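Numbering follows the UniProt record's numbering, in which position 210 of the sequence shown is assigned residue number 210; successive positions increment by one, without gaps. For each residue, glycine too, the CB sits at the ideal point set by N, CA and C. Keep in mind that this is a model prediction, so the values were computed, not measured. A quick write-up on the structure given underneath.
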Amino acid sequence: MGDEEGPRCIVSDPAHPHNVSRRDNYKVKHNCFSCGKNDVSWELRGFTDNFHYYCTICDIEFHRRCLQIPSKMIHPYHPQHPLTFTFVSYETKIVVDVNYGDFCTFLCRSGLNMPEYLQTIGSKSNIIFDKCTLCGNVLSEWFYRCSICNFFLDFRCARNFPPLTIQNPRSHHHSLALFRRPVSFPCDACGLINLLDPSYACHQCDYMVHKSCVDLPRVIKITRHPHRLSHTPHLPTKVSLCRVCYKHVDIKYGQYSCTHEGCTYVVHSKCATHRKIWNGGELEWAPEEPDETEAIAPFKKVGDGLIQHFCHHLHILKLEKYDRVRDSAKQCQACMRPISSQDFYNCMECDFFLHEVCANLPRKLEHALHHHPLFIDPYPLYDHDCGNLACSVCFRKSSGLMYRCREEECVGYEQFQLDLNCVLVPEYFTHKSHAEHHVFISPSYSEENEALCQGCKKRVYNYHLHCSLCEFVLCYECATIPNEIHYKFDEHSLTLSYGESGVDDKYWCEVCEKGLDPTEWFYINKESCTTIHHKCLFGDSGYMKPGHIFDYCGNKVEVVGNGSSSRPICLTCQYHCPHHVCFKVCMIDGTEIYFCAFSCIRL
């Protein structure tokens, strides 16, 4: 409860707090004001106090631990009523307002266990002790509460006494005074109303700012925009949407905007400083790096339609125009999708293919899905490990190229990496499964509201696409499923259906030969009456390429093609491997075992 000036007297007015001084225990004159005892040899679970605190103005004394954890306090966040130190048993619903010292000392000396002690002094309550009123975190068993208002403070917030005044704040040219009560009008720095965030005010200027907004950085850089952004108290011209949440921007309040001439990029203050948007770096006095807005070229032109690409630098690649002839055997080595409907580069000496779009992606990339720059490397350090094959956003395992973060906090087994299919998803667009509104990249999900992907019906725990108008949510795995795909046993293309309503016909999957729910996503060709679960078409190995070898629990696992008529049998599920690739392991005795999917690998 103390700060750098020392602990305060809990009886004094928070507006004019009294500092307390330390006294040796042999100088005790009064009983402890908090617990009412004068036991100078007060012991608590191995801790012995050889001093106590004394307030010279109030002429009262406190045990050290009684002052640090008082049974009652007047707190600036709730000055109208005292807060009582409370223990609650969530199993028995028994609530006890106690002095912490008495509570722990009695337990130690009586030999009673916690439930027995609570039964003797506590009472049951129907009040829901859920979250801290201030920070919103779930309450532990110990907290402070106001029994009159049902106001709750967790331990961290209760011990965090905000300064009553802030001298020379970064956000304003006058000192700021703490508002003692929740403020129900917008913060001038962020434009939001937040009753849980303490507020400060300048009465001279009629200026109000949240405590969390007092020290907002003046200049920042986010990966969603190539230029630096500056915080401004208001915007001179009318703009439409924040470029992170795509909601209305109120020009009367502080926002971040681009100062480059002709650039109208603007972001809400809270959106720009979100932990998944901004890397925490303040750039007000930092020189702008020369390559901050430049991309690293991925290839060198060596002739008309000829390039030397960084991921295949030994040979020359030639640009081939799409001639409407499909060859599903040709696979882009970057995104691992078939070369079927786009112009592509073809190696003149070997079977190496790249979509033209994939070949043009830069070596260095600033992307909305991560707050650090990302780099692509054809020879990743950990590509031999199975755990390093998965994209950090869609969680698909892939043999293709990955963009990786090189910052120390993001390197290691949990290194952030992004596959090219996720990279190519726009920040703001209309998805065919939700044509009536735009969707955009959302950095987080709501813990209060169940965020379910409309494609797979699973809970969203990571980045996703979101519609702010109707709460439509789409995970990245579903968002990157191809709208059209070629199936080797059908001369026609299959089109992704986003669910059909009012269908009486029974659909069957051509791969697993099981029933197919027409209200869910599936692939269909109406000319040939072919329907397939999209999971059956890709499995969990749809983006793996034959010849890739990785390590799994100390064993070398090879990805092998599965195009022959005699498909191997999976060791785990005992079915013929159904997908275009399967996994082969050579045992010590020379025998070969096969697995049909990552989920079946058992070694």
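Quiz item: How would you label Gln-167, buried or exposed, when you count the other beta carbons within 10 angstroms and need 16 or more for buried?
Solution: For the purposes of this step, residue 167 is identified with residue 167 of the sequence shown, where counting begins at 1. The Cβ neighbour count for Gln-167, taken over all protein chains shown within 10 Å, is under 16; the residue is labelled exposed.
Quiz item: Fully enclosed by the segment 550-586, which alpha helix (DSSP H) runs are 4 residues long or longer?
Solution: Taking only runs of at least 4 residues, no alpha helix (DSSP H) segment lies wholly in the segment 550-586.
Practice problem: Taking only the alpha-carbon atoms, compute the straight-line gap between Arg-109 and Phe-87 and give it to the nearest angstrom. | Solution: Sequence index remark: in the sequence shown, residue 109 carries index 109 (1-based). Sequence index remark: in the sequence shown, residue 87 carries index 87 (1-based). Caution applies to Arg-109, whose pLDDT of 47 falls short of 50 and renders its modelled position unreliable; the value that the coordinates give is listed next. In a straight line, the C-alpha of Arg-109 is about 19 Å away from that of Phe-87.
Quiz item: Do Tyr-594 and Cys-582 have their C-beta atoms within less than 8 Å of each other?
Solution: Against the sequence shown, residue 594 aligns to sequence position 594. Against the sequence shown, residue 582 aligns to sequence position 582. Pairing Tyr-594 with Cys-582 gives a Cβ-Cβ distance under 8 Å.
Self-check item: For Ile-277, the nearest candidate out of Gln-415, Ala-451 and Ile-222 (CA to CA)
Solution: Within the sequence shown, numbered from 1, the residue matching residue 277 stands at position 277. If we check each option's Cα against that of Ile-277, Ile-222 comes out closest.
Practice problem: Specify the secondary structure class of Asn-525 as computed by DSSP and reduced to three states. | Solution: Translated into positions along the sequence shown, residue 525 becomes position 525. Strand.
Exercise. Assign Leu-603 to one of two classes, buried (16 or more other C-beta atoms within 10 Å of its C-beta) or exposed (fewer than that).
Key: For the purposes of this step, residue 603 is taken as the residue at position 603 of the sequence shown. With fewer than 16 other CB atoms across the displayed protein chains lying within 10 angstroms of its CB, Leu-603 is exposed.
Quiz item: Going straight from the alpha carbon of Ile-385 to that of Thr-572, what length do you get?
Solution: Translated into the one-based positions of the sequence shown, residue 385 becomes position 385. Translated into the one-based positions of the sequence shown, residue 572 becomes position 572. Position check: residue 385 holds Asp in this sequence, whereas Ile was assumed. Each residue's Cα considered, the two are about 21 Å apart.
Exercise. Let me know the secondary structure DSSP gives Asn-137 once reduced to three states.
Key: In the sequence shown, counting from the first residue as 1, residue 137 sits at position 137. DSSP places Asn-137 outside both helix and strand once states are collapsed to three, so it counts as coil.
Self-check item: Under the three-state DSSP convention, the category Val-267 falls into
Solution: The residue you call residue 267 lines up with position 267 of the sequence shown. Three-state result, Val-267: strand.
Exercise. Go ahead and label Ile-296 buried or exposed: buried means 16 or more other beta carbons lie within 10 angstroms of its beta carbon, across all protein chains shown.
Key: Along the sequence shown, one-based indexing puts residue 296 at 296. With fewer than 16 other Cβ atoms within 10 Å, it is exposed.
Quiz item: Would Thr-480 be called buried (16 or more neighbouring beta carbons within 10 Å of its own) or exposed?
Solution: The sequence position of residue 480 within the sequence shown is 480, counting from 1. That one is buried.
Practice problem: Quick one: which unbroken beta strand (DSSP E) runs of 3-plus residues sit fully inside the segment 127-215? Chain order, please. | Solution: Whole beta strand (DSSP E) segments, 3+ residues: 142-146, 151-153, 176-178, 199-202 and 207-210.
Exercise. Kindly indicate which three-state DSSP category Leu-112 falls into: helix, strand or coil?
Key: Locating residue 112 in the sequence shown gives position 112, counting from the first residue. Note that Leu-112 scores a pLDDT of 46, beneath 50, so its modelled location is shaky; the value from the coordinates is reported in the next line. In the three-state scheme derived from DSSP, where H, G and I count as helix and E and B as strand, Leu-112 is classed as coil.
Practice problem: Can you say whether Ala-451 is buried or exposed, counting buried as having 16 or more other CB atoms within 10 angstroms of its CB? | Solution: Residue numbering aside, residue 451 sits at position 451 when the sequence shown is read from its first letter. Label assigned to Ala-451: buried.
Quiz item: Start and end of the alpha helix (DSSP H) containing Glu-477?
Solution: Residue mapping note: residue 477 aligns to position 477 of the sequence shown, counting from 1. It spans 476-479 - the alpha helix (DSSP H) in which Glu-477 sits, taken as one unbroken run.
Quiz item: Between His-531 and Phe-522, which are expected to be in contact by the criterion C-beta below 8 Å, what is the C-beta distance as a whole number of angstroms?
Solution: Taking the sequence shown and counting its residues from 1, the one referred to as residue 531 is at position 531. Taking the sequence shown and counting its residues from 1, the one referred to as residue 522 is at position 522. Inspection of the sequence shows that residue 531 is occupied by Thr rather than by His. Going by Cβ atoms, the distance from Thr-531 to Phe-522 rounds to 6 Å, so yes, they are a contact pair.
Quiz item: Using the C-alpha atoms, what's the distance from Val-393 back to Tyr-53?
Solution: Reading the sequence shown from its first residue, position 53 is the one you call residue 53. Reading the sequence shown from its first residue, position 393 is the one you call residue 393. Here the alpha carbons of Val-393 and Tyr-53 stand approximately 54 Å from one another.
Quiz prompt | Complete runs of the beta strand (DSSP E) confined to the segment 341-396 [at least 3 residues] | solution = Taking only runs of at least 3 residues, the beta strand (DSSP E) segments lying wholly in the segment 341-396 are 344-347, 353-355 and 374-376.
Quiz prompt | Close beta carbons around Cys-358, own chain, < 7 Å, minus the five adjacent residues each side | solution = Stepping through the sequence shown from its first residue, residue 358 is reached at position 358. Correct list, in chain order: Cys-332, Ala-334, Cys-335 and Leu-420.
Quiz item: Between Tyr-256 and Ser-269, what straight-line distance do the alpha-carbon atoms span, to the nearest angstrom?
Solution: Counting from 1 along the sequence shown, the entry for residue 256 is found at position 256. Counting from 1 along the sequence shown, the entry for residue 269 is found at position 269. For Tyr-256 and Ser-269, the distance between alpha carbons rounds to 6 Å.
Quiz item: Where does Arg-45 fall in DSSP's three states?
Solution: In the sequence shown, residue 45 corresponds to position 45, counting from 1. Reliability fails at Arg-45, whose pLDDT of 35 lies under 50, so the model's placement of it is uncertain and the value that follows must be treated cautiously. Coil at Arg-45, not helix or strand.
Quiz item: To the nearest angstrom, how far is it from the Cα of His-367 to the Cα of Arg-406?
Solution: Working through the sequence shown from its first residue, we reach residue 367 at position 367. Working through the sequence shown from its first residue, we reach residue 406 at position 406. The straight-line gap from Cα to Cα measures roughly 14 Å.
Practice problem: Take the Cβ of Ile-148 as the centre, count every other Cβ of all protein chains shown within 10 Å, and call the residue buried at 16 or more, exposed below. | Solution: In the sequence shown, the residue the question calls residue 148 occupies position 148. Classification for Ile-148: exposed.
Self-check item: Neighbourhood of Phe-395 by C-beta distance below 7 Å, restricted to the same chain and skipping five residues each side
Solution: Here the question's residue 395 lines up with position 395 in the sequence shown. If we look at Phe-395 and ignore the five residues flanking it on each side, its Cβ neighbours are Glu-477.
Quiz prompt | Unbroken beta strand (DSSP E) run spanning Lys-511, endpoints | solution = Residue mapping note: residue 511 aligns to position 511 of the sequence shown, counting from 1. Reading off the sequence, residue 511 comes out as Val, not Lys. Here Val-511 belongs to no beta strand (DSSP E), and DSSP marks it neither H nor E.
Quiz item: Is the segment 183-196 touching the segment 205-222 in the sense that three or more CB pairs, one from each, lie closer than 8 Å?
Solution: The segment 205-222 is in contact with the segment 183-196.
Quiz item: Would His-75 pass as a contact of Leu-196 if the rule is Cβ separation under 8 Å?
Solution: Counting from one through the sequence shown, the residue named residue 75 turns up at place 75. Counting from one through the sequence shown, the residue named residue 196 turns up at place 196. Cβ distance not < 8 Å, so His-75 and Leu-196 don't count as in contact.
Practice problem: Compute the Euclidean distance between the alpha carbons of Leu-494 and Ile-485, then round it to the nearest angstrom. | Solution: As a first step, residue 494 must be located in the sequence shown, where it is residue number 494. As a first step, residue 485 must be located in the sequence shown, where it is residue number 485. Looking at the two C-alpha atoms, the distance is approximately 5 Å.
Quiz item: Which residues bound the alpha helix (DSSP H) around Lys-72?
Solution: Counting from one through the sequence shown, the residue named residue 72 turns up at place 72. Premise fails: Lys-72 lies in the beta strand (DSSP E), 72-75, not in any alpha helix (DSSP H).
Quiz item: Buried or exposed: which applies to residue 667, given that a residue is buried once 16 or more other Cβ atoms fall within 10 Å of its Cβ?
Solution: Residue 667 lies beyond the residue range present for the chain, which begins at 1 and ends at 603; the question has no answer from this structure.
Quiz item: Since Phe-85 is in the beta strand (DSSP E), which residue starts that stretch and which ends it?
Solution: Taking the sequence shown and counting its residues from 1, the one referred to as residue 85 is at position 85. First-last of the beta strand (DSSP E) with Phe-85: 78-88.
Quiz prompt | Selection from Ser-12, Leu-365, His-225 and Asp-540 that minimises the alpha carbon distance to Leu-67 | solution = Looking up residue 67 in the sequence shown gives position 67. A check of alpha carbon separations from Leu-67 across Ser-12, Leu-365, His-225 and Asp-540 identifies Ser-12 as the nearest.
Exercise. Give the C-beta separation of Pro-362 and Pro-298 to the nearest angstrom, bearing in mind that I take them to be a contact with Cβ-Cβ under 8 Å.
Key: Within the sequence shown, the letter at position 362 stands for residue 362. Within the sequence shown, the letter at position 298 stands for residue 298. Correct: roughly 6 Å between the Cβ atoms.
Self-check item: Distance, Val-425 Cα to Asp-589 Cα
Solution: The residue given as residue 589 occupies position 589 in the sequence shown. The residue given as residue 425 occupies position 425 in the sequence shown. Each residue's Cα considered, the two are about 46 Å apart.
Exercise. Count the other CB atoms, across all protein chains shown, that sit within 10 Å of the CB of Pro-338; report buried if there are 16 or more and exposed otherwise.
Key: To locate residue 338, count along the sequence shown from 1; it is residue 338. Buried is the call here.
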